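Asker: Below is the structure I would like to discuss, written out as structure tokens.
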Amino acid sequence: MSTDFRAQVVAPAAAYGQGDTGLFPFDLFDRQCLAQGDSWFSIGSIPPGLTSNVLAELWLSHAAVIVNCARPGKTLAHMADTLSETMFLRLLRGPSSFRWDAILLSGGGNDLIDAASVGPDAPRDRRLLLRADERAALPADAAGYLSGDGWHTFEQHLGEVFAHFIDERASGQNWHTPTLLHNYAPLVPRAAGAGLISGPWLQPAFAAFDIPLGDWGSVSAELMRRLDRLLRQLVDAHRAADPADTLVVVDTQAAGLVLADPTADGVSGDWQNEIHPTREGYRKLAAAWRAVLDPLL
21 MSTDFRAQVV APAAAYGQGD TGLFPFDLFD RQCLAQGDSW FSIGSIPPGL
71 TSNVLAELWL SHAAVIVNCA RPGKTLAHMA DTLSETMFLR LLRGPSSFRW
121 DAILLSGGGN DLIDAASVGP DAPRDRRLLL RADERAALPA DAAGYLSGDG
171 WHTFEQHLGE VFAHFIDERA SGQNWHTPTL LHNYAPLVPR AAGAGLISGP
221 WLQPAFAAFD IPLGDWGSVS AELMRRLDRL LRQLVDAHRA ADPADTLVVV
271 DTQAAGLVLA DPTADGVSGD WQNEIHPTRE GYRKLAAAWR AVLDPLL
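First residue of the sequence shown: 21, per this note's numbering; consecutive thereafter.
In structure tokens form, the structure reads like this:
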């Protein structure tokens with residue numbers, strides 16, 4: 021008879037203990053994982069209790085603890101930064117690191133949003149979107165709204181920061197620890213932020229570039245498809261260079277999240293706001309994660 025275990029998620033400081041508290045009792049769990057990432061692994065609404073995250077909804081076939089270094093807004097570009105991510109790097113590699121059973125990574129989405137948010141006055145190779153005077157009057161498809169030069173710059177950027185993360189992982193005992201990252205489920209740009217202090221994210225950018233409202237969904241979907249393809253290309257290239265390594269992309273685009281109504285400014289479909297799922301949406305994402313992670317633990 022199989023038993024399911026909800027993953028226990030703890031803060032990074034708990035791993036080493038504080039004050040009179042000793043090291044976290046990792047031996048009480050069958051598996052130990054390290055997580056790094058953005059709001060899909062941490063907080064996606066204000067107040068936080070309005071929704072959940074992938075790790076909080078994750079159930080596994082083994083009793084597992086996840087030391088979670090994620091926080092909202094974090095980009096892949098900074099996830100292995102030697103100045104701002106000292107705790108994560110301490111846990112990942114170095115003399116006081118731990119040997120993890122898996123490393124879970126949620127990154128790339130905020131990098132994409134940041135790149136899409138670069139305004140119309142920037143050089144064409146520094147932004148992802150085309151101005152109205154740079155594209156056809158009626159673009160044939162969603163790609164007609166995107167800057168090829170800008171996407172090339174983004175590819176180079178993400179490739180460099182991905183390589184930096186891999187190098188940091190390779191510098192310690194977790195150099196071949198199974199590492200999972202994910203693509204991002206399709207979402208609808210709309211005027212729905214996370215409370216009063218964050219968001220919306222893509223909606224202002226699409227409006228600034230005069231993209232017709234009826235094409236927002238298809239342009240967003242094209243960006244997510246391209247990000248998925250880029251992540252898979254980076255993973256495939258690394259695995260070709262190091263076949264012994266286990267590096268996997270979890271496909272959350274196939275998780276079946278119900279798209280939001282583009283006119284809704286609050287909860288709609290499986291989305292709490294423009295870019296963060298509801299609790300039910302995160303359960304669907306967590307199920308996709310489990311299907312890939314369980315066999316590796």
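The beta-carbon is built from N, C-alpha and C at its ideal position, and this holds for glycine as well.
On a predicted model such as this, the values are computed, not experimentally measured, just so you know.
1. I'd like the span of the alpha helix (DSSP H) that includes Val270, first residue to last.
2. With distance defined between alpha-carbon atoms, name the residue in Asp281, Gly170, Arg303, Phe174 nearest to Leu254.
3. Can you look up Ala84 in the DSSP assignment and give me helix, strand or coil?
4. Alpha carbon to alpha carbon, how far is Ala136 from Val287? Give it in angstroms, no decimals.
5. Which residue marks the beginning of the alpha helix (DSSP H) containing Ser240, and which one marks its end?
6. Since I believe Pro206 is in contact with Leu163 (beta carbons under 8 Å), could you give me their beta-carbon distance rounded to a whole number of angstroms?
7. Taking its Cβ as the centre, do 16 or more other Cβ atoms sit within 10 Å of Gln38, making it buried, or is it exposed?
8. Could you pull out every residue in the same chain whose Cβ sits closer than 7 Å to the Cβ of Asp121, ignoring the five residues on either side in sequence?
9. When you compare only the Cα positions, how much space is there between Val312 and Ala212?
10. Going by CA-CA distance only, name the one from Leu216, Arg113, Trp291, Cys89 that's closest to Pro67.
11. Ser167: buried (16+ other C-beta within 10 angstroms of its C-beta) or exposed?
12. Under the DSSP definition of a beta bridge, which residues are partnered with Pro92?
13. Any contact of the region 261 to 279 with the region 192 to 201, i.e. 3+ C-beta pairs under 8 Å?
14. Confirm, please, whether the CB-CB distance from Val87 to Leu111 is below 8 Å.
15. What are the start and end residues of the beta strand (DSSP E) that includes Arg51?
16. Give the DSSP-derived three-state secondary structure of Gln193 in the structure shown.
17. Does the region 122 to 131 touch the region 90 to 110, meaning 3 or more C-beta pairs lie closer than 8 Å?
18. Let's test the definition: count the other Cβ atoms within 10 Å of the Cβ of Arg119 and tell me whether it reaches 16, buried, or not, exposed.
19. Taking Cβ to Cβ, would you say Leu78 is nearer than 8 Å to Arg310?
20. What is the residue span of the alpha helix (DSSP H) that Ala311 lies within?
21. Taking Gln223 as part of the alpha helix (DSSP H), name the residues at either end of that continuous run.
22. Does Val30 pass the burial test, meaning 16 or more other C-beta atoms within 10 Å, or should it be called exposed?
23. Have a look at Leu43 and Phe185 and give me their C-alpha separation to the nearest angstrom.
24. Helix, strand or coil: which one does DSSP assign to Gln292?
25. Just the Cα atoms here: how many angstroms apart are Asp230 and Phe46?
26. With H, G and I counted as helix, E and B as strand and the rest as coil, what does DSSP make of Val138?
27. Determine the DSSP secondary structure at Thr283, reduced to helix, strand or coil.
28. Go to Leu125, then tell me how far its beta strand (DSSP E) extends in each direction, as first and last residue.
29. Could you tell me the alpha carbon to alpha carbon distance between Ala306 and Gly276, rounded to whole angstroms?
Answerer: From the atom records:
1. If you number the sequence shown from 1, residue 270 lands on position 250. Here Val270 belongs to no alpha helix (DSSP H); instead the beta strand (DSSP E) covers 267 to 270.
2. The count along the sequence shown starts at 1 and reaches residue 254 at position 234. Of Asp281, Gly170, Arg303, Phe174, the residue nearest in Cα terms is Phe174.
3. Counting from 1 along the sequence shown, the entry for residue 84 is found at position 64. Here Ala84 sits in strand by DSSP.
4. Here residue 287 corresponds to residue number 267 of the sequence shown, with the count starting at 1. Here residue 136 corresponds to residue number 116 of the sequence shown, with the count starting at 1. Roughly 23 Å between the two C-alpha positions.
5. Start at 1 with the first residue of the sequence shown, and residue 240 comes out as number 220. It spans 236 to 261 - the alpha helix (DSSP H) in which Ser240 sits, taken as one unbroken run.
6. Numbered from 1 along the sequence shown, position 143 holds the residue referred to as residue 163. Numbered from 1 along the sequence shown, position 186 holds the residue referred to as residue 206. It should be pointed out that residue 163 corresponds to Ala in this sequence rather than to Leu. Incorrect: roughly 16 Å between the Cβ atoms, too far for contact.
7. For the purposes of this step, residue 38 is taken as residue 18 along the sequence shown, with counting starting at 1. By the neighbour-count rule (16 or more Cβ atoms within 10 Å), Gln38 is not buried but exposed.
8. Along the sequence shown, read from residue 1 onward, the residue named residue 121 stands at position 101. Here the set comprises Arg51, Gln52, Cys53, Leu317.
9. Here residue 312 refers to the residue found at position 292 when the sequence shown is read from its first residue. Here residue 212 refers to the residue found at position 192 when the sequence shown is read from its first residue. Computed Cα separation, rounded: 31 Å.
10. Position 47 of the sequence shown, counted from the start, is the residue given in the question as residue 67. The residue with the shortest Cα to Cα distance from Pro67 is Leu216.
11. Looking up residue 167 in the sequence shown gives position 147. Buried: at least 16 other Cβ atoms inside 10 Å.
12. Translated into positions along the sequence shown, residue 92 becomes position 72. DSSP output for Pro92 lists no bridge partner at all.
13. yes
14. Here residue 111 corresponds to residue number 91 of the sequence shown, with the count starting at 1. Here residue 87 corresponds to residue number 67 of the sequence shown, with the count starting at 1. Yes, Cβ-Cβ distance for Leu111 and Val87 is below 8 Å.
15. Counted from its first residue, the sequence shown places residue 51 at position 31. Residues 51 to 57.
16. Position 173 of the sequence shown, counting from 1, holds the residue named residue 193. Note: Gln193 maps to coil in three-state DSSP.
17. yes
18. For the purposes of this step, residue 119 is identified with residue 99 of the sequence shown, where counting begins at 1. Exposed, by the Cβ-count rule.
19. Here residue 78 refers to the residue found at position 58 of the sequence shown. Here residue 310 refers to the residue found at position 290 of the sequence shown. Yes, the Cβ-Cβ distance between Leu78 and Arg310 is below 8 Å.
20. Position 291 of the sequence shown, counted from the start, is the residue given in the question as residue 311. Element bounds for Ala311: 299 to 313.
21. Within the sequence shown, residue 223 is the residue found at index 203, counting from 1. First-last of the alpha helix (DSSP H) with Gln223: 222 to 228.
22. Here residue 30 refers to the residue found at position 10 when the sequence shown is read from its first residue. It counts as exposed.
23. Residue numbering aside, residue 43 sits at position 23 when the sequence shown is read from its first letter. Residue numbering aside, residue 185 sits at position 165 when the sequence shown is read from its first letter. One C-alpha to the other measures close to 26 Å.
24. By one-based count along the sequence shown, residue 292 stands at place 272. In this structure, Gln292 counts as coil in the three-state DSSP scheme.
25. Counted from its first residue, the sequence shown places residue 230 at position 210. Counted from its first residue, the sequence shown places residue 46 at position 26. Approximately 53 Å, taken between the alpha carbons.
26. Numbered from 1 along the sequence shown, position 118 holds the residue referred to as residue 138. DSSP places Val138 in coil when its eight states are reduced to three.
27. Locating residue 283 in the sequence shown gives position 263, counting from the first residue. It is coil, neither helix nor strand.
28. Within the sequence shown, the letter at position 105 stands for residue 125. First-last of the beta strand (DSSP E) with Leu125: 122 to 126.
29. If you number the sequence shown from 1, residue 306 lands on position 286. If you number the sequence shown from 1, residue 276 lands on position 256. Using only the alpha carbons, I get a separation of about 12 Å.
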